[in-house]
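Protein sequences, first through last, are from chains A and B. Residue numbers for the first sequence follow my numbering, beginning at 3 and rising by one. Residue numbers for the second sequence follow my numbering, beginning at 3 and rising by one. We put the CB at the ideal spot given by N, CA and C, even for glycine. As the structure is a prediction and not an experimental result, all values here were calculated from the model.
Number of protein chains: 2
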Amino acid sequence: MEITITPVLLVGFFAGAITTISAIPQLYKSIKTKETKDLSLGMIILLLFGVTAWFVYGVLDKDWALIIANIIVIIVWGIILGYKLKYK
Amino acid sequence: MEITITPVLLVGFFAGAITTISAIPQLYKSIKTKETKDLSLGMIILLLFGVTAWFVYGVLDKDWALIIANIIVIIVWGIILGYKLKYK
Chain A
3 MEITITPVLL
13 VGFFAGAITT
23 ISAIPQLYKS
33 IKTKETKDLS
43 LGMIILLLFG
53 VTAWFVYGVL
63 DKDWALIIAN
73 IIVIIVWGII
83 LGYKLKYK
Chain B
3 MEITITPVLL
13 VGFFAGAITT
23 ISAIPQLYKS
33 IKTKETKDLS
43 LGMIILLLFG
53 VTAWFVYGVL
63 DKDWALIIAN
73 IIVIIVWGII
83 LGYKLKYK
C-alpha cells in the first residue's frame with residue numbers, strides 16, 4: 003500500500019500532529035500532579051471510543067493522516083485513562 | 003455542493019458523533035464543579051488549534067464528516083476553555 007503525499011494530505015498530517023501533541027501537556031500534568039479529579043472519566047472513555055472509530059474510518063477510506071494520528075492519540079489518552087483510574 | 007452518503011462516510015459521521023459527544027461529559031463536569039485545575043490549558047489550546055486544522059483539512063478534502071464534526075468540537079471545547087480561564 004503506497005502513500006501519495008499531496009498538499010491536502012500534508013494539512014491532514016499537520017492537523018494530526020497538533021491534535022496528537024495536544025494530549026502530551028495533559029499527560030505531563032496528570033503524571034506530575036497525580037490529580038485527575040477534574041477530568042471527566044466519561045469524556046476519556048468516549049474519546050478513546052471515538053478516535054478508535056476515526057481510526058476505522060481512516061482504514062476504510064485509506065486515509066493515512068487519520069490512521070497514523072489516531073493510533074498515537076489512542077496510546078497517549080490510554081495512558082491518561084490509566085492515571086485517571088489509578089488516581090481518581 | 004452535494005453530499006453523497008456512502009457506508010464509509012457513515013462510519014466517519016459515527017466517529018465524529020462519538021468524538022463530539024465525548025466533550026459533553028467534560029463540559030458538564032466543568033460547569034457543575036467549577037473546578038478545572040486538573041485540565042491542562044496547553045492541551046485545550048493545542049486541541050482547539052488541532053481540530054481547527056482538521057476542519058481546514060476537511061474543507062480541502064471536501065470531507066463532510068470531518069467538517070461537521072470539527073465545527074461542533076471547536077464550539078464545545080471553546081466553552082470548556084472559557085471555564086478553564088474563568089475558574090483556574
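{"Asked": "Contact belief for Thr35 of chain B with Asp40 of chain A at Cβ below 8 Å, rounded distance in angstroms", "Found": "7 Å"}
{"Asked": "Exposure of Ile46 of chain A, with buried meaning 16 or more beta-carbon neighbours within 10 Å", "Found": "buried"}
{"Asked": "Alpha carbon of Thr6 of chain B to alpha carbon of Lys88 of chain B, nearest angstrom", "Found": "43 Å"}
{"Asked": "Contact check, Gly14 of chain A vs Tyr59 of chain B, beta carbons under 8 Å", "Found": "yes"}
{"Asked": "Contacts that Ile20 of chain A makes with chain B (C-beta to C-beta distance below 7 Å)", "Found": "Leu48, Phe51, Gly52, Ala55"}
{"Asked": "CA-to-CA distance, Ile26 of chain B to Phe16 of chain B, given in whole angstroms", "Found": "16 Å"}
{"Asked": "DSSP state of Thr8 of chain B mapped onto helix, strand, coil", "Found": "coil"}
{"Asked": "Thr38 of chain B versus Lys86 of chain B: straight-line alpha-carbon distance, rounded", "Found": "6 Å"}
{"Asked": "Of the listed residues A:Leu68, A:Tyr30, A:Leu29, A:Gly44, nearest to Phe57 of chain A (C-alpha basis)", "Found": "A:Leu68"}
{"Asked": "Inter-residue spacing [alpha-carbon to alpha-carbon] between Thr21 of chain A and Gly84 of chain A", "Found": "20 Å"}
{"Asked": "Reduced DSSP secondary structure (H/G/I, E/B, other) of Lys86 of chain B", "Found": "helix"}
{"Asked": "C-beta neighbour in chain A for Glu4 of chain B, strict 8 Å", "Found": "no"}
{"Asked": "Amino acids of chain B, ordered along the chain, whose beta-carbon sits closer than 7 Å to that of Gly44 of chain A", "Found": "Pro27"}
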